[in-house]
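Here is the structure we will look at.
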Amino acid sequence: MNKVIGIIAGSLRKSSFSKKIGSALLSMAPEGFVFKLVPLDNLPVYNQDFDDNDIVPESYVAFRDTVRNLDGIIFITPEHNRSMPAVLKNAIDIASRPYGKSAWNGKPGAVFSNSPGNLGGFGANHHLRQSLVFLNVPVMQQPEVYLSHINECFDERGNVKDDKTKDLLNKAVEAYIAWFRKIAG
Ligand SMILES: Cc1cc2nc3c(=O)[nH]c(=O)nc-3n(C[C@H](O)[C@H](O)[C@H](O)COP(=O)(O)O)c2cc1C
17 MNKVIGIIAG
27 SLRKSSFSKK
37 IGSALLSMAP
47 EGFVFKLVPL
57 DNLPVYNQDF
67 DDNDIVPESY
77 VAFRDTVRNL
87 DGIIFITPEH
97 NRSMPAVLKN
107 AIDIASRPYG
117 KSAWNGKPGA
127 VFSNSPGNLG
137 GFGANHHLRQ
147 SLVFLNVPVM
157 QQPEVYLSHI
167 NECFDERGNV
177 KDDKTKDLLN
187 KAVEAYIAWF
197 RKIAG
């Protein structure tokens, strides 16, 4: 059976660069793997009262189930104020609860960060890794993926237009798959 790898882009923006990277990854899944976009729309801000009072929003139930059914995850994070965007942190929090029932547990992950700036979302990348350590998501260490000047990397149809970015993404995905096989068997 194919291994299903979720591609989670930490942006709601229609023309999001992170979403475009996610779409570019879809065709890079090797044999035996399926890459699946997992959107973060319609997830209300996490409130523990939902779980404590058994009034869990339908969107939480669906998102938690989706994450639970993934074999691994590639996170594509933009950077907001040197950290991950709230929408991504919110999604991480939602699927981490109720306490003791985290849907993330043990799923091999990778973090690809991006930014129109020079640093490629370094701050977001490492803040995200910090949460993933706590959630027992083993994260690929190398290569580190910091995509800088991401605003220059797409054509008008939203496809990656430069060979350097294509090559970097291909190598990162190859490394992730090799590492996934090592971790997940
Ligand atoms: C609230 C906010 C904070 C931001 N902070 C940073 C930042 O710390 N570093 C950075 O490189 N870009 C920052 N940006 C610019 C984002 O990198 C840019 O908006 C990017 O396009 C967002 O990702 P997306 O295209 O996937 O939506 C910030 C943007 C917003 C809206």
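In this note's numbering, the protein residues as written are 17 to 201.
Every residue gets a Cβ at the ideal spot worked out from N, C-alpha and C, and that includes glycine.
May I have the straight-line CA-CA distance separating residue i from residue j, to the nearest angstrom?
i	j	result
residue 92	residue 71	30 Å
residue 183	residue 192	14 Å
residue 43	residue 160	21 Å
residue 96	residue 29	13 Å
residue 148	residue 84	15 Å
Quick check on DSSP: helix, strand or coil for residue i?
i	result
residue 106	helix
residue 135	coil
residue 152	coil
residue 165	coil
residue 193	helix
residue 40	helix
residue 126	strand
residue 45	coil
residue 112	helix
residue 12	The chain is shown from 17 up to 201; residue 12 falls before or after that span and cannot be answered.
residue 77	helix
residue 54	coil
residue 180	helix
Out of the options, which has the shortest C-alpha to C-alpha gap to residue i?
i	options	result
residue 36	187, 180 and 169	169
residue 187	74, 158, 27 and 103	158
residue 117	17, 152 and 127	152
residue 181	100, 86, 163 and 174	163
residue 177	82, 149, 40 and 143	40
residue 33	97, 132 and 87	132
residue 155	98, 198 and 17	198
Label residue i either buried or exposed according to how many other C-beta atoms from any shown protein chain fall within 10 Å of its C-beta, with 16 as the threshold for buried.
i	result
residue 136	buried
residue 31	exposed
residue 150	exposed
residue 22	buried
Around ligand 1, which residues pass a check of Cβ closer than 5 Å to any of its heavy atoms?
27, 29, 32, 33, 34, 94, 95, 96, 97, 98, 131 and 133
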